[in-house]
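Asks: Mind having a look at this structure? Questions to follow.
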Amino acid sequence: MEEKKFDKQSMIGFLLIGAILLFMLWQNQPSPEELEAEKAKEEQVEAAKTNPALTPTESTVADATPQNDSLAQERYKATLGSFAYSATLPSATDAVTEIENEVLALKVSNKGGFITEAKLKNYKSYDSVPVYLIKDGNTRFNLNFSTTDNRTLNSENLYFEPKLTTEGENQVLSMKLKVSDSEYLEYRYTLKPDDYMMGFGIKTVGLQNVVNTSQPLNLDWELKGYRHAKSITYENRYTRLTYEYEGGDHDKLSQSGDDDAIETDVDWFNFRQHFFSSILMTDQPFDEVTFKSQNLVEDEEVDTVFTKKYAASMQLKPVNGELNNAMNFYFGPTDYQVLNNYDRGLDEAMPLGWGIFGWINKYLIIPFFNILVAYFPAGIAIILLTVSIKLLLSPVQYKQYLSQAKMKVLRPEINEINEKYADNPMKKQQETMKLYSKAGASPLSGCIPGLLQIPVFYALFTFFPSAFVLRQKSFLWADDLSSYDKIADLPFSIPFYGDHVSLFPILASIAIFIYMTMTTGQTMQQTSQPGMPNMKFLMYLSPIMMLFFFNNYASGLSLYYFVSNLITIGIMLVIKNFILDEQRIHAKIETAKAKPKKQNRFSKKFSEMMEQAEKQQKNK
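Take the sequence shown: its position 478, counted from the start at 1, is 478 in full-length UniProt numbering, and no numbers get skipped.
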């Protein structure tokens, strides 16, 4: 009997396997205007006042502004040039205007004219707090431009005049930064009923002689993403900046570290926060956009508020001296059905996998799963999805097990060949191939069916972490199938594992260990040769990796693997005990070996090459 060895090549192989599995499981200084405004606030006393310019449907927040102090106001107006008129209006306060529909509640500030609060009315965070995409200064929206009198102004520091009206069922909020009543920069928001998408436009009127259009007009949007999930590390893994450019291509920045990119002809970009998205779309593509993404989570116990900081900077080009840019904002769930309904390719912002993996998700798994969850609880729907997929793949698994049965029958003869030609590896390989050819069996015939299952495996691996429909849906002891199913807290944190114990990954690890014992155990003796992978080591490695890396993953994914492996074990037992007969297989192999078998061109050429190599070795 040969001695079992574990050489350097095996070690390198194991390291490569581990790396592949890891890859799969993983995969300002204040401006002068601000200084003047702040100084003015410090110099005047707090006062509450009512703003008569607002309609009854708007809300006003009293605040200290330059207009409360004449000297501060004059200094402030001096920095604005032609736009000083805006500082004299009653709207020159930090008041906000509220607009909302059935799903979205927004607050837009007079200062800067942009959204200071965006709340999704139908969703809660992991700690039962309403989901805010924008709140408490986590965003910055600014149009930087030059004037004809050589001033550089930032819209975020200037005061817009609000006017809220209705157009049919839509609410329209006009925010105007005025040079005069007939000359202004306008931000226009249009909110439809029961819709996460809102119209947004930037337009100038009569500013040809005020704004210096020979200089760039830069539009900047920054956003820090709030934490919404139980595990900020897991949430951050699926939080990243994605965008569409150059007529339909899609790309994304890094999910794990700081990253940046410059792209041309950008149609939209998404500041994605795992299950929620903040998207800016444009009817006329931006010529060039500079994207930046900064990871804000280094320690889950310390960095608990924000996930990533996003930034996008783009240039707006006037036509005939005026701006007229039509855009849209989306503040809502990262839900495939919702995003796909807009027919703008926004579903590409979801991590559903590339190529065939994404197609399987979009056209098979997602539609079928949506039907299931319409009639069954989410946990039951996962089980039914798993059963359906296993039944669909059962013919493939049958062929895989049939190949394993044939190899088991041939093992005594393969062992004889190994002992007979122990000192001649080339001859041993040649005789083994002859045996396979005569018997009509091959190790590859068992591998190929397994490879056919990989697209479905990977598609499901990307589907469950992205399935919005699983968010905050409970099943058994799991209170949220889109997050981990904690059953116990640990007094310490284990690297790669965490500070808690999840039960579904444990069950899935046990199931995969039993499955691998049934499959690799049959071939362990054959593969425990020098230079071959140690199957016993792999049999323990896979369940351990499953246990560690899935402890923080969505419990819905662990539930799927647990049920999937249970069903696989059941199918294998049925095939072994009621369908396949090893004695009959052995008889068929013997019959096939007795028949003269004509070699195809490839087999004949391969045999000739092996014989030539053997002769050369003897000559040496």
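Using N, Cα and C, we set each Cβ at its ideal position, and we do this for glycine too.
Output the distance between the C-alpha atoms of F475 and K192, rounded to the nearest integer angstrom.
Replies: Cα to Cα, F475 sits roughly 36 Å from K192.
Asks: Below 8 Å on the Cβ atoms is my contact criterion, and I expect V456 with I360 to pass it. Report the Cβ-Cβ distance as a whole number of Å.
Replies: Going by Cβ atoms, the distance from V456 to I360 rounds to 6 Å, so yes, they are a contact pair.
Asks: Would you check if the distance between the CB atom of L158 and the CB atom of S86 is smaller than 7 Å?
Replies: The answer is yes: Cβ separation under 7 Å.
Asks: Consult DSSP for P95 and reduce its assignment to one of helix, strand or coil.
Replies: Note on identity: in this sequence residue 95 is Ala, with Pro being the wrong assignment. DSSP places A95 in coil when its eight states are reduced to three.
Asks: Going by alpha carbons, who is nearest to M433 out of M407, Y458, N144, Y226?
Replies: Considering only alpha carbons, the answer is M407.
Asks: For P162, which of N150, R151, D181 has the nearest alpha-carbon?
Replies: Among N150, R151, D181, the Cα nearest to that of P162 belongs to D181.
Asks: Tell me the DSSP secondary structure of G137 in three-state form.
Replies: Of the three classes helix, strand and coil, the one that applies to G137 here is coil, per DSSP.
Asks: Can you find the residues in the same chain that come closer than 8 Å, C-beta to C-beta, to P318, ignoring five residues on each side of it along the sequence?
Replies: Answer for P318: T204, V211, T213, L217, listed in chain order.
Asks: Output the boundary residues of the alpha helix (DSSP H) element that contains Y560.
Replies: Segment 555-574, the alpha helix (DSSP H) holding Y560.
Asks: If we ignore side chains and look at the alpha-carbon of each, how far apart do Q337 and Y553 end up?
Replies: Whole-angstrom Cα-Cα distance: 23 Å.
Asks: Do you know how far the Cα of A508 is from the Cα of E419?
Replies: Using only the alpha carbons, I get a separation of about 39 Å.
Asks: What is the DSSP secondary structure of K428, counted as helix, strand or coil?
Replies: Reduced to three states, the DSSP call for K428 is helix.
Asks: Could you tell me the distance, in whole angstroms, from the CA atom of A381 to the CA atom of M546?
Replies: Taking the straight line from one Cα to the other gives about 23 Å.
Asks: Could you please give the first and the last residue of the uninterrupted beta strand (DSSP E) stretch that includes residue 690?
Replies: Past the boundaries of the shown model lies residue 690; the chain is included only from 1 to 620, so the question cannot be answered.
Asks: What are the residues that DSSP puts in a beta bridge with R272?
Replies: Paired residue(s): S277.
Asks: Can you tell me which of the three DSSP states Q284 falls into?
Replies: Strand at Q284.
Asks: Express the C-alpha separation of V129 and R227 in angstroms, rounding to a whole number.
Replies: If I take the Cα positions, the gap works out to 11 Å.
Asks: Considering only DSSP beta bridges, list what H228 is partnered with.
Replies: According to DSSP, H228 bridges with nothing at all.
Asks: Can the beta-carbon of P118 be found closer than 7 Å to that of F276?
Replies: Checking the displayed sequence, the identity of residue 118 turns out to be Ala instead of Pro. Result no, Cβ atoms of A118 and F276 do not sit closer than 7 Å.
Asks: Is there contact here, the stretch 303-314 with the stretch 165-183, by at least three beta-carbon pairs under 8 Å?
Replies: In short, these stretches do not touch, since the Cβ pair count stays below three.
Asks: Do you know how far the Cα of D194 is from the Cα of V61?
Replies: Note that V61 scores a pLDDT of 33, beneath 50, so its modelled location is shaky; the value from the coordinates is reported in the next line. Distance between the alpha carbons of V61 and D194 is about 27 Å.
Asks: In three-state DSSP terms, what is V469?
Replies: Correct three-state label for V469: helix.
Asks: Could you name the residues of the same chain whose beta carbon sits closer than 8 Å to that of F492, not counting the 5 residues immediately before and after it, in chain order?
Replies: Excluding residues within five positions, the ones whose Cβ falls inside 8 Å are D499.
Asks: Which of the three DSSP states is assigned to Y497 in this structure?
Replies: Y497: coil per DSSP, three-state reduction.
Asks: Would you mind giving the Cβ-Cβ distance between E222 and Y310, rounded to the nearest angstrom? I have them listed as a contact below 8 Å.
Replies: The pair is a contact, with the Cβ atoms about 7 Å apart (cut-off 8 Å).
Asks: Assuming T97 and V108 make a contact with CB atoms under 8 Å, what is their CB distance in whole Å?
Replies: About 5 Å separates the two Cβ atoms, so the contact holds.
Asks: Can you pull the DSSP bridge partners for W221?
Replies: In the DSSP output, where bridge partners are listed per residue, W221 has F141, A312.
Asks: If you reduce the DSSP assignment to three classes, tell me which class M433 lands in.
Replies: M433: helix per DSSP, three-state reduction.
Asks: By the 10 Å Cβ neighbour count, where 16 or more other Cβ atoms means buried, how is F578 classified, buried or exposed?
Replies: By the 10 Å Cβ count, F578 comes out exposed.
Asks: Taking the straight line between their C-alpha atoms, what separation do you get for S394 and K292?
Replies: Roughly 46 Å between the two C-alpha positions.
Asks: Would you please state the rounded distance, in angstroms, between the beta carbons of S502 and Y484? I believe it to be under 8 Å.
Replies: Indeed, because the Cβ distance is near 5 Å, the residues count as touching under 8 Å.
Asks: Can you tell me which of the three DSSP states P530 falls into?
Replies: With a pLDDT of only 48 at P530, under 50, the local geometry of the prediction cannot be trusted, and the value read off the model is given with reservation. Here P530 sits in coil by DSSP.
Asks: Which value, in whole angstroms, describes the spacing of the CA atoms of R272 and G225?
Replies: The alpha-carbon atoms of R272 and G225 are separated by roughly 8 Å.
Asks: Which residues bound the alpha helix (DSSP H) around P367?
Replies: That run of the alpha helix (DSSP H) goes 366-375.
Asks: Determine the direct distance from the alpha carbon of L541 to that of A511, and round the result to whole angstroms.
Replies: Cα to Cα, the separation comes out at about 14 Å.
Asks: In this structure, what does DSSP give as the bridge partners for K111?
Replies: Y159, per the DSSP bridge assignment.
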